[in-house]
Amino acid sequence: MKKLMMSGAVLTVAAVALVGCGSEAASEKPEASNKPMSATTDAPAQNVRTPEKNDRMAEDTAQGLASFTYYYFDTKNYAIQTGDADLMREVAADCASCLAEADDIEAVYADGGWIVGGQPKALNVVALDEAKNDKGNLSAVVPYMEDGSTTLDKDGKTVDTKKWDSDGTTLTVTANYADGAWSMVSVKETPDAGIPQ
Numbered sequence: 001m002k003k004l005m006m007s008g009a010v011l012t013v014a015a016v017a018l019v020g021c022g023s024e025a026a027s028e029k030p031e032a033s034n035k036p037m038s039a040t041t042d043a044p045a046q047n048v049r050t051p052e053k054n055d056r057m058a059e060d061t062a063q064g065l066a067s068f069t070y071y072y073f074d075t076k077n078y079a080i081q082t083g084d085a086d087l088m089r090e091v092a093a094d095c096a097s098c099l100a101e102a103d104d105i106e107a108v109y110a111d112g113g114w115i116v117g118g119q120p121k122a123l124n125v126v127a128l129d130e131a132k133n134d135k136g137n138l139s140a141v142v143p144y145m146e147d148g149s150t151t152l153d154k155d156g157k158t159v160d161t162k163k164w165d166s167d168g169t170t171l172t173v174t175a176n177y178a179d180g181a182w183s184m185v186s187v188k189e190t191p192d193a194g195i196p197q
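Residues in the sequence shown are numbered consecutively from 1, following the numbering used here.
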């Protein structure tokens, strides 16, 4: 009888332990579903992390411009993955080419499509001067690469592809500093631009 009671107690403890494990496993499932997932030709990206600003971006220095430029490309990447270009527009309100890119990206998603790949990669940001010009602008040279991309329509059919260019290119960015913040003014492809020493 004593042995049976002991066995029953062990079974009860084991059952409680299993129920506990089941609850823990169940509570972990939502966390797993929040994991960022890259876009594929079957589905758009999910749970994309929002780009974060940093304190250095507020500096009125060449380093501040560099930090801001990296952030700008983070916002572009976010737009490409989500179709939400609000952050990109926020930091590039005076950059016509930037706004045109934002429009193009949003149009894909507005029609039910999505983009796979195309992530922008600023490899370095080197200011052309230490001081801003009389308009408050400062420019930098950016060795740059962009992943190959596939644009799909709402039915998952490919409507555009861009191949990865292993040579990359060079961009020249110009930003304006006012009221404690940088704002992108222009982003131009300048493949012959040299990197300042």
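Built from N, CA and C at the ideal position, the CB exists for glycine as well. Bear in mind that the values here come from a model prediction, so they are computed numbers and not experimental data.
Exercise for review: Would you list the one or two residues that DSSP bridges to G117?
Suggested key: S149
Practice item. Check the DSSP bridge columns for K135 and list the partner residues they point to. Key: Its beta-bridge partners do not exist; DSSP assigns none.
Review point. Whose C-alpha, out of N54, K188, K163 and K76, is nearest the C-alpha of I105?
Key: K76
Point to revise | Whole-angstrom distance between D55 and W164, CA atom to CA atom | key: 33 Å
Review point. Looking only at C-alpha atoms, which of A131, R49 and V185 sits nearest to S96?
Key: At residue 96 the sequence reads Ala, which differs from the Ser that was named. Considering only alpha carbons, the answer is V185.
Point to revise | Contact belief for T202 with V108 at Cβ below 8 Å, rounded distance in angstroms | key: What is shown of the chain runs 1 to 197, which leaves residue 202 out entirely.
Point to revise | Identity of the residues DSSP links to Q46 by a beta bridge | key: M37
Exercise for review: Please go through the same chain and pick out, in chain order, the residues whose beta-carbon is closer than 6 Å to the beta-carbon of C21, but skip the five residues on each side of it.
Suggested key: The predicted position of C21 is uncertain, since its pLDDT is 49 and thus under 50; a value taken from the coordinates is nonetheless stated next. Closer than 6 Å at Cβ, skipping near neighbours: no residue.
Review point. With C-beta atoms as the reference, is M88 less than 8 Å away from A102?
Key: yes
**Study point:** Bridge partners - N176, DSSP secondary structure assignment
**Key:** N137 and S183
Review point. For E189, which residues of its own chain have a beta-carbon under 7 Å away from its beta-carbon, when the five flanking residues on both sides are left out?
Key: T169 and L171
Exercise for review: Would you give the residue range spanned by the alpha helix (DSSP H) that K76 belongs to?
Suggested key: A62 to T82
**Study point:** Candidates N176, G180, P196 and A43, of which the one nearest A92 by Cα
**Key:** N176
Point to revise | Inter-residue Cα distance where the pair is G118 and T150 | key: 8 Å
Practice item. Starting from the C-beta of V187, find all residues in its chain whose C-beta is less than 7 Å away, skip the five residues before and the five after it, and write them out in chain order. Key: C95, S97, C98, L171 and V173
Practice item. Rank W114, D192 and K53 by C-alpha distance to the C-alpha of E90 and give the top, closest one. Key: K53
Check your understanding: How far does the beta strand (DSSP E) with D160 in it reach, from first residue to last?
Key -> T158 to K162
Practice item. May I ask you to check if the CB of T50 is nearer than 7 Å to at least one heavy atom of the ligand NAP? Key: The model depicted lacks the ligand NAP and carries no ligand whatsoever.
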